[in-house]
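Numbering (the numbering used here), first residue to last: 211 to 446.
Idealized CB from N, CA, C, for every residue including glycine.
Following this line, the structure appears as structure tokens:
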């Protein structure tokens with residue numbers, strides 16, 4: 211269930227968006243993937259999920275290569291992009307059933323009901339997606355990411371647009387999912403990282419500048435706050 215990244219790179223002409231990064235994400239752990247805007251976070255996530263082809267390097271998801279076994283990898287991964295693509299004219303259940311059908315899920319109706327309850331969409335379940343608030347749309351995006359019960363979850367800004375109550379609920383859900391799955395989460399909210407992540411990677415200008423547990427990272431940096439450590443590693 212682990213993710214092993216090996217010298218992964220993505221270049222756009224002379225720009226090295228991701229520059230030979232290597233790391234591992236372990237099952238039962240939540241990995242915070244941090245960096246300033248343009249550092250290469252979303253590009254890395256898109257390569258891991260098969261939306262972008264690497265310029266060089268490879269990664270293994272549960273032992274399968276993202277290059278040579280990309281279709282198998284997509285079955286194993288649940289992905290929530292930064293800007294969740296949703297079909298606004300569809301009803302919630304209709305959309306989740308549509309996504310579930312692409313994975314060939316058995317007992318799909320029961321699974322849709324289960325996921326709706328899991329992400330806290332029950333009060334809104336009969337609505338069209340276009341009628342939902344941004345926070346509830348984010349929950350629909352999370353529901354589609356877990357509908358097929360993937361072994362690996364890659365979540366890009368999963369709590370974007372949530373109010374404090376929703377934030378607490380989704381953090382709890384992600385922590386619960388992280389018990390049995392490998393989870394990578396990207397966020398700019400340092401409190402969120404400290405609340406739910408076990409380990410942290412900080413990327414800057416396409417290169418990894420920190421890779422450790424939160425406690426070890428603080429210990430190495432005179433017990434500064436995570437925000438202070440982040441700034442010191444990414445300010446240039």
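Collapsing the DSSP output to three states places residue 307 in a helix.
Leaving aside the five residues that flank residue 408 on each side, the residues in its chain whose CB is nearer than 6 Å to its CB run, in chain order, 239 and 240.
Fewer than three pairs of CB atoms, one per stretch, sit closer than 8 Å, so the stretch 429-439 makes no contact with the stretch 266-275.
With contacts defined by Cβ atoms closer than 8 Å, residue 305 and residue 296 form a contacting pair. Across the structure, residue 282 and residue 358 are spaced so that their CA atoms are roughly 13 Å apart. In the structure shown, residue 322 adopts helical secondary structure according to DSSP, grouped into three states.
Annotation for residue 411: 233, 241, 242, 243, 244, 418, 420 and 421 place their beta carbon closer than 8 Å to its own, counting only its chain and skipping 5 residues before and after. A Cβ-Cβ contact shorter than 8 Å links residue 290 with residue 365. Restricting attention to alpha helix (DSSP H) runs no shorter than 4 residues, the stretch 356-427 encloses them at 374-390 and 400-406, ordered along the chain. Within 10 angstroms of the beta-carbon of residue 258 lie 16 or more other beta-carbons, which makes it buried. Cβ-Cβ distances below 8 Å link residue 381 to 369, 402, 405 and 406 in the same chain, with the five nearest sequence neighbours on each side left out; the list follows chain order. A direct Cα-to-Cα measurement between residue 264 and residue 229 gives close to 10 Å. Going by DSSP, residue 279 is part of no alpha helix (DSSP H) at all; its letter is neither H nor E. The three-state secondary structure of residue 351, taken from DSSP, is helix.
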